[in-house]
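Asks: Protein sequence lines, in the order shown, are assigned to chains A and B.
Reading the first sequence from the start, the letters are residues 0 to 197 in numbering that gives the first Met the number 0.
Reading the second sequence from the start, the letters are residues 0 to 197 in numbering that gives the first Met the number 0.
Quick one: the structure is below, questions incoming.
There are 2 protein chains.
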Amino acid sequence: MNRAERPTYHHGNLRAAALERAAQLAANGGSGALSLRALARELGVSPAALYRHFAHKDALLDELAGRALAALEVALREALDREASADPAARLAALGRGYLAFARAHPDAFRIVFELRRNALADAQQAEPYTLLLRAVGALAPPGAEDARVQRAALAAWAFVHGLAALESQQAWRGAIASVADDLLRDYAIALRGSYPA
Amino acid sequence: MNRAERPTYHHGNLRAAALERAAQLAANGGSGALSLRALARELGVSPAALYRHFAHKDALLDELAGRALAALEVALREALDREASADPAARLAALGRGYLAFARAHPDAFRIVFELRRNALADAQQAEPYTLLLRAVGALAPPGAEDARVQRAALAAWAFVHGLAALESQQAWRGAIASVADDLLRDYAIALRGSYPA
DNA sequence: ACCTGAACACCGTTCAAGT
DNA sequence: ACCTGAACACCGTTCAAGT
Chain A
0 MNRAERPTYH HGNLRAAALE RAAQLAANGG SGALSLRALA RELGVSPAAL
50 YRHFAHKDAL LDELAGRALA ALEVALREAL DREASADPAA RLAALGRGYL
100 AFARAHPDAF RIVFELRRNA LADAQQAEPY TLLLRAVGAL APPGAEDARV
150 QRAALAAWAF VHGLAALESQ QAWRGAIASV ADDLLRDYAI ALRGSYPA
Chain B
0 MNRAERPTYH HGNLRAAALE RAAQLAANGG SGALSLRALA RELGVSPAAL
50 YRHFAHKDAL LDELAGRALA ALEVALREAL DREASADPAA RLAALGRGYL
100 AFARAHPDAF RIVFELRRNA LADAQQAEPY TLLLRAVGAL APPGAEDARV
150 QRAALAAWAF VHGLAALESQ QAWRGAIASV ADDLLRDYAI ALRGSYPA
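Shown next as structure tokens:
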């Protein structure tokens with residue numbers, strides 16, 4: 000009845016509505032459980048309608064992954080903003096805590112981005128999350144440090160925190176990791192700083 | 000015609016045949032593409048027949064995960080056997096290289112074990128791969144080191160190598176990680192040894 | 001341009017019935 | 001005890017047809 004409550008999909012907002020609802024559906028029930036037909040049902044639209052806006056299911060999932068990656072970036076920036084200390088090691092550890100907190104709070108989004116198989120991170124090396132990490136690791140190095148060495152260290156740091164997040168997402172390891180994660184992140188950052196010759 | 004070529008599933012080997020064929024199907028096409036109906040078709044059996052041996056699809060997948068974990072253990076032991084050096088840091092690095100090599104050679108098996116969502120690793124902390132790692136990390140510590148500290152270090156080391164494997168499984172990162180992985184593993188092992196007070 | 005209806009070739013799972 | 005046949009409620013995707 001009300002124009003505002005019953006948006007006219009004929010005017011170009013089915014795509015946006017689909018993405019928003021898909022993210023919600025993935026949040027409950029897991030991203031694997033997301034079906035286009037169920038999504039269409041929720042939106043009061045025929046299954047075929049979605050194919051005007053997404054070439055196939057994976058195209059929708061890729062779009063979702065892109066948005067999740069952007070959300071991760073925001074979360075990481077906020078984690079840095081919340082860290083009062085200017086100490087580079089403390090800031091790097093804060094970044095790691097932000098990463099883990101995001102993976103805990105949005106396991107579905109985390110899964111969609113890092114699912115072991117899709118290549119959603121096509122240009123991930125230019126992606127903001129990596130840039131943030133690179134900067135944080137760079138701040139830990141002395142002024143003259145070689146770029147290649149800083150990049151290697153950033154890669155290693157990502158692998159470490161990502162591994163923590165991935166293992167924590169496994170039932171069997173959740174507790175064991177979660178209880179020591181903050182300490183491990185702090186130790187890692189301090190050890191990394193120590194690895195540069197004084 | 001030949002009894003040996005046409006095994007009689009009525010005598011209890013459908014279960015074994017199903018697991019073997021399922022692993023092959025997962026190896027091509029990805030573990031996500033494995034369907035019970037396709038599996039039954041391959042085995043020349045009705046779809047319902049599989050339900051005499053597996054309560055549901057996930058039960059078969061769990062069994063597959065258990066076997067993959069056992070295969071990982073074998074691969075890790077072989078990696079240790081291949082490492083001639085007795086230096087604990089070199090042996091820990093060899094273990095890491097073995098982990099990465101397994102993930103590269105059997106991406107499907109790796110995925111089935113560590114898929115970000117299932118809890119296949121129900122008792123992973125007693126699992127052999129973790130025990131091997133714990134031992135390798137322990138060998139790096141001085142005799143009097145506290146157990147809790149060694150366990151934390153083993154957890155961190157697993158997270159690190161697992162993160163490398165997970166990122167490497169992503170198209171976008173494969174090259175960047177693969178080219179420095181061996182160096183990173185060696186540096187990690189050396190740094191870990193250095194982290195213990197002399 | 002955007003959506004519907006109906007169809008195709010699949011799924012996982014259940015259950016009566018066969019041997 | 002182990003398997004088949006047939007059914008149920010789903011999938012993703014395509015394509016003609018409607019507005």
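Every residue, glycine too, gets a C-beta built ideally from N, C-alpha and C.
Whole angstroms is fine: what's the gap from Arg-103(A)'s alpha carbon to Gln-23(B)'s?
Replies: Note on geometry: alpha-carbon atoms of Arg-103(A) and Gln-23(B) lie some 34 Å from one another.
Asks: Name, please, each residue of chain B whose Cβ falls closer than 7 Å to the Cβ of Leu-163(A).
Replies: Ala-158
Asks: Considering only the beta carbon of each residue, do Ala-177(A) and Glu-167(A) sit closer than 7 Å?
Replies: yes
Asks: Does the beta carbon of Leu-183(A) come closer than 7 Å to any beta carbon on chain B?
Replies: yes
Asks: Taking the alpha helix (DSSP H) that Phe-113(A) falls in, what are its first and last residues?
Replies: 106-113
Asks: Excluding sequence positions up to five away, which residues of its chain have a Cβ less than 8 Å from the Cβ of Ala-17(A)?
Replies: Leu-38, Leu-42, Leu-49, His-52, Phe-53, Leu-59
Asks: Checking contacts by CB at 7 Å: is Arg-36(A) closer than that to chain B?
Replies: no
Asks: In the DSSP assignment, find the unbroken alpha helix (DSSP H) run with Ala-177(B) in it and report its ends.
Replies: 170-177
Asks: Tell whether a beta-carbon distance below 7 Å holds between Gly-191(B) and Leu-132(B).
Replies: The sequence shown places Leu at residue 191(B), not Gly. Not closer than 7 Å, so no.
Asks: For Gly-11(A), which three-state DSSP category applies?
Replies: Reduced to three states, the DSSP call for Gly-11(A) is coil.
Asks: State yes or no: is the beta carbon of Val-179(A) nearer than 7 Å to at least one beta carbon in chain B?
Replies: yes
Asks: Mapping the DSSP letters down to three states, classify Glu-82(A) as helix, strand or coil.
Replies: It is coil, neither helix nor strand.
Asks: Considering just the uninterrupted stretch of the alpha helix (DSSP H) at Phe-200(B), what are its terminal residues?
Replies: Outside the displayed span of chain B (0 to 197) sits residue 200(B), for which this structure offers no information.
Asks: State the Cα-Cα distance for the pair Glu-127(A) and Ser-194(B), rounded to the nearest angstrom.
Replies: 32 Å
Asks: State yes or no: is the beta carbon of Arg-90(A) nearer than 7 Å to at least one beta carbon in chain B?
Replies: Using a CB distance cut-off of 7 Å, Arg-90(A) does not count as an interface residue toward chain B.
Asks: Going by C-alpha to C-alpha distance, which of Leu-63(B), Gly-95(B), Gly-97(B) sits closest to Asp-107(B)?
Replies: Considering only Leu-63(B), Gly-95(B), Gly-97(B), the residue with the shortest C-alpha distance to Asp-107(B) is Leu-63(B).
Asks: Compute the beta-carbon to beta-carbon distance between Glu-77(A) and Arg-90(A), rounded to the nearest angstrom, for a pair I have assumed lies under 8 Å.
Replies: Glu-77(A) to Arg-90(A), Cβ: 13 Å. No contact.
Asks: Any idea if Val-160(A) is buried or exposed, counting beta-carbon neighbours within 10 angstroms, 16 or more meaning buried?
Replies: buried
Asks: Using a Cβ-Cβ cut-off of 7 Å, state whether Leu-166(A) counts as contacting chain B.
Replies: yes
Asks: Chain B beta carbons: is any one of them nearer than 7 Å to that of Arg-151(A)?
Replies: yes
Asks: Expressed to the nearest angstrom, what Euclidean distance is found between the alpha-carbon atoms of Ala-215(A) and Leu-163(B)?
Replies: Lying outside 0 to 197, the shown extent of chain A, residue 215(A) is not represented and no answer is given.
Asks: Just curious, the alpha helix (DSSP H) that Leu-33(A) is in, first and last residue?
Replies: Element bounds for Leu-33(A): n/a, residue is neither H nor E.
Asks: Which of helix, strand or coil does DSSP assign to Phe-101(B)?
Replies: helix
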